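**Q** With mature numbering (1 follows the signal peptide of the UniProt record, and there is no 0) applied, the sequence shown covers -28 to -1, 1 to 241.
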Amino acid sequence: MARKRSFALLATVAALLACFGPVTEVTASGPATSFPAGGEDHNGAQTLRRLRPYVRTTMEEEDNSSGERGLDKIPGVAKLADMLTPDKQKAANKLFSNLKLHETTANLFESPKFHKWVKSVTKSYKKTPDTANAVIVSTIMAQHGDEALARMLAAAKQTPTTQLFATQLEEVQLANWLTSKRTADDVFKLLKLDDEGVNLFKNPVFSTWVSYATKLDDKNPDTLMFSVLKARYDDDVLADIFIAAKETRSTRRIAARQESILFAKWTSD
């Protein structure tokens, strides 16, 4: 339950960001005085490792009430609402452009300038690190889009020095989709997975979609995922997809579960 409430807090941050409307892309001109850049960090990887975890453990103990508490009753939400201001979000976006990070996509998380920007945003939200990650995600999304961000995060999760940080940011992206009431089908399209065919499970952002489907239905995520796949592929194509995915260690288990659902469907038919 505590984990669900932590994710509810992430969803609330995403909702607060949405209240400001989309962050428009800005030019690289003009000062970004709201975020002091500080000294040059010659070891950007250390900056990312030092970032405090996204999900705080300061929530109150769960009561025995059977009803769910409203988001406004979740500890920390009011504080986040006070700290998350449009001016600070715009300042983060402007500094992002001033550092020309909008021109970097493939290796953004490896860029020293990106580490410098993250450090600046984190300093600005020193008292509410939860909010800092939300602002980081919102800014990158405004410049590069959801699908590109998901790809960046998937790549960053493969590197030990950025794995934890990327995982934290992915949680924010998932919370944003959940707050926006996106379905598993919506996110499948958003991540441009429609045309992958037999190599679907090899796509780096397929795991992002799996994570989101699990957030939507943590009791039967495989059934939900199969329904999305079945709407797109014939049974023979699905069988080929699952066979191919079972050859890769990282996707072997989920492919086997999906294949079992397909076999059960054949039996019932």
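Every residue gets a Cβ at the ideal spot worked out from N, C-alpha and C, and that includes glycine.
No experiment lies behind these values; they were computed from the predicted model shown.
#1: Based on Cα-Cα distance, which residue from Glu143, Ile226, Tyr184 lies nearest to Thr103?
#2: According to DSSP, is Arg154 helix, strand or coil?
#3: Is Val177 helix, strand or coil when you go by DSSP?
#4: Could you check where the alpha helix (DSSP H) with Glu231 kicks off and where it finishes?
#5: Which ranges does the beta strand (DSSP E) cover as unbroken runs of at least 3 residues, wholly within the segment 94 to 143, from first to last along the chain?
#6: When we look at the beta-carbon of Ile108 and count the other beta-carbons within 10 Å, is it buried (16 or more) or exposed?
#7: Enumerate in chain order the residues of its own chain whose CB-to-CB distance from Asn105 is below 7 angstroms, with the five nearest sequence positions on each side excluded.
#8: Within 10 angstroms of its Cβ, does Phe160 collect 16 or more other Cβ (buried), or is it exposed?
#9: With a threshold of 16 other CB atoms inside 10 Å of the CB of Ser110, please say whether the residue is buried or exposed.
#10: Can you tell me whether Phe235 is buried or exposed? The criterion is at least 16 other CB atoms within 10 Å of its CB, across all chains shown.
#11: Which residues mark the beginning and the end of the alpha helix (DSSP H) in which Thr195 is found?
#12: Rounded to whole angstroms, what's the CA-CA distance from Leu150 to Leu188? Just pull it up for me.
#13: Between which two residues does the alpha helix (DSSP H) containing Leu165 stretch?
#14: Where do the N-terminal and C-terminal ends of the alpha helix (DSSP H) with Asp208 fall, by residue?
#15: Excluding the 5 residues preceding and the 5 following Gly195 in the sequence, name in chain order all residues of the same chain whose CB lies nearer than 8 angstroms to its CB.
#16: Does Lys62 get closer than 8 angstroms to chain D when you measure Cβ to Cβ?
#17: Please name the residue in Val200, Ser179, Tyr205, Val209 whose C-alpha comes closest to that of Ser222.
#18: Once DSSP output is grouped into helix, strand and coil, what is the label at Asp190?
#19: Going by CA-CA distance only, name the one from Asp207, Ser199, Ala128, Thr155 that's closest to Leu80.
#20: Helix, strand or coil, according to DSSP, for Leu73 in the structure here?
#21: Which same chain residues end up closer than 8 angstroms to Ala228 when comparing Cβ atoms and leaving out the 5 residues on each side of it in sequence?
#22: For Trp192, count neighbouring C-beta atoms within 10 Å of its own C-beta (all shown protein chains included) and say buried if the count is 16 or more, exposed if not.
**A** From the atom records:
#1: Glu143
#2: Arg154 falls in the coil class under three-state DSSP.
#3: coil
#4: 224 to 240
#5: With a minimum length of 3 residues, no continuous beta strand (DSSP E) run stays inside the segment 94 to 143.
#6: So Ile108 ends up on the buried side.
#7: If we look at Asn105 and ignore the five residues flanking it on each side, its Cβ neighbours are Tyr26, Gln140, Leu141, Val144.
#8: buried
#9: Ser110 comes out buried.
#10: exposed
#11: Looking at the DSSP string, the run of the alpha helix (DSSP H) that includes Thr195 is 193 to 202.
#12: 8 angstroms
#13: Segment: none, Leu165 is in no alpha helix (DSSP H) and carries neither H nor E.
#14: 207 to 217
#15: Reading off the sequence shown, one finds Thr at residue 195, where the question assumed Gly. Same-chain partners within the cutoff: Asp189, Ile233.
#16: Chain labels in this structure do not include chain D; a single protein chain is all it has.
#17: Ser179
#18: coil
#19: Ala128
#20: Secondary structure at Leu73: helix, using DSSP grouped into helix, strand and coil.
#21: Phe214, Lys218
#22: Looking at the sequence provided, one finds Asn at residue 192 rather than Trp. Exposed.
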